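Taking the working numbering as reference, the numbering of the sequence shown is continuous, increasing by one, and the terminal residue is 341.
Backbone N, C-alpha and C fix where the C-beta goes; we use that ideal spot for every residue, glycine too.
All values derive from a computational prediction rather than experimental measurement.
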Amino acid sequence: MVKNCGKCSEAITGIDSVVCRGYCRASFHINTCSGVTRALQNYFTSHKKNLYWMCDKCAELFENSHFRTISTQADENSPLSSLTSAITELRAEIKQLHSKPIANPSPVTPRWPVLEQRRGAKRPRVIEPNPRAQDSCRVGSKKPHDDIMTVPICNQVMEKKFWLYLSKIRPDVTVEAVCAMAKANLNLDDDPIIVKLVPKGKSIETLSFVSFKIGLDLSLKDKALDPETWPEGLLFREFEDYGASKFRQPLKTNIQTTPLLHTITPTSANTPVMDLS
């Protein structure tokens, strides 16, 4: 390992060096930095037990009587000796503890039994008997009384609808525009049921897109779920109404079609295209 001179900080090569026997223990160049000749160094070597060479800084510290008193007291009252003895005592105690294994102490109180976690028994399913078929209402044939007014009986039954969910549509697109697109793409003669889905309490201006649901006949389900039916960029799926059992199915409304807005531009004579951006 190359050493640097304690005075000039240059590297010392070969044997051109002398070591300070003072406090720093640094190496110095003999001829240029130490002031010691080769003959004098040989004389130090032959009398190494009695002659010592120190650098200028160490010599000044050696001549300082106060520093010599402090160094002497530090050597005498050094804490290393007390720390060494304490470490030795701790080491002996640790060896003694490792040599004798400690038996496991018996518990003062008996252990509680381990309770296994078990799932509660399922409540047996109650199978209700088949409900009695409700008797159909009959219509009277006698001449009505003058004080009782009746209304004509409506035999029309609400047909079951298939609801389609459309999304990623610009907020300013109207129900009439969606109705026109659905009629053109599904080849419908009558206007389908269109409902615009807007979150409660939110303004349309704050939304980035809106969604619609369309009520169609069940016979149009396959065609409505066909990707070839709808324009590119429009998201669609079957509408899942989780609250269908709690809410009435919306009635069919007559939507008056109006000319398409600027958001829908016809690309052919039959199929309008909606701007979804």
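Its Cα nearest to that of tyrosine 229, the residue Gly279 stands out among Gly279, Glu269, Ser145, Leu271. Per DSSP, the continuous alpha helix (DSSP H) segment holding glutamate 124 begins and ends at 120-127.
Between tryptophan 294 and asparagine 251, the C-beta gap is not smaller than 8 Å, which leaves the two residues out of contact. For lysine 285, the closest of Gly297, Arg301, Thr270, Thr152 by C-alpha to C-alpha distance is Arg301. Distances from the CA of alanine 90 to each of Gly70, Ser81, Glu153, Val100 were compared; the closest alpha carbon is that of Gly70.
Ranked by how close their Cα comes to the Cα of serine 275, the residues Ala288, Lys266, Pro291, Arg234 have Arg234 in first place. If you look at leucine 228, you'll find it in the beta strand (DSSP E) that goes 225-233.
Within the DSSP secondary-structure output, serine 283 pairs in no beta bridge. At the C-beta level, valine 100 and valine 82 come within 8 Å of one another. DSSP places arginine 102 within a helical segment (H, G or I) once states are collapsed to three. By the Cβ neighbour-count rule, isoleucine 268 is exposed, with fewer than 16 other Cβ atoms within 10 Å of its own.
In this structure, alanine 123 and glycine 86 form a Cβ contact; the two beta carbons are roughly 7 Å apart against a cut-off of 8 Å. In the DSSP assignment, alanine 75 forms a beta bridge with Asn68.
Between lysine 277 and tryptophan 227, the gap from beta carbon to beta carbon is short of 8 Å.
If you look at valine 239, you'll find it in the alpha helix (DSSP H) that goes 239-250. Pairing leucine 289 with lysine 232 gives a Cβ-Cβ distance that is not under 8 Å.
In the DSSP assignment, serine 91 is bridged to Val83. In summary, serine 98 is buried, with 16 or more beta-carbon neighbours lying within 10 Å of its beta-carbon over all protein chains present.
The criterion of a C-beta distance shorter than 8 Å is not satisfied by lysine 112 and cysteine 88.
Beta-bridge pairing by DSSP links valine 259 to Lys277. With respect to isoleucine 258, valine 242 sits close: the two C-beta atoms are nearer than 8 Å. Arginine 301 is bridged by DSSP to Tyr229. Between histidine 93 and cysteine 72 the beta-carbon gap is near 7 Å, inside 8 Å, which marks them as a contact.
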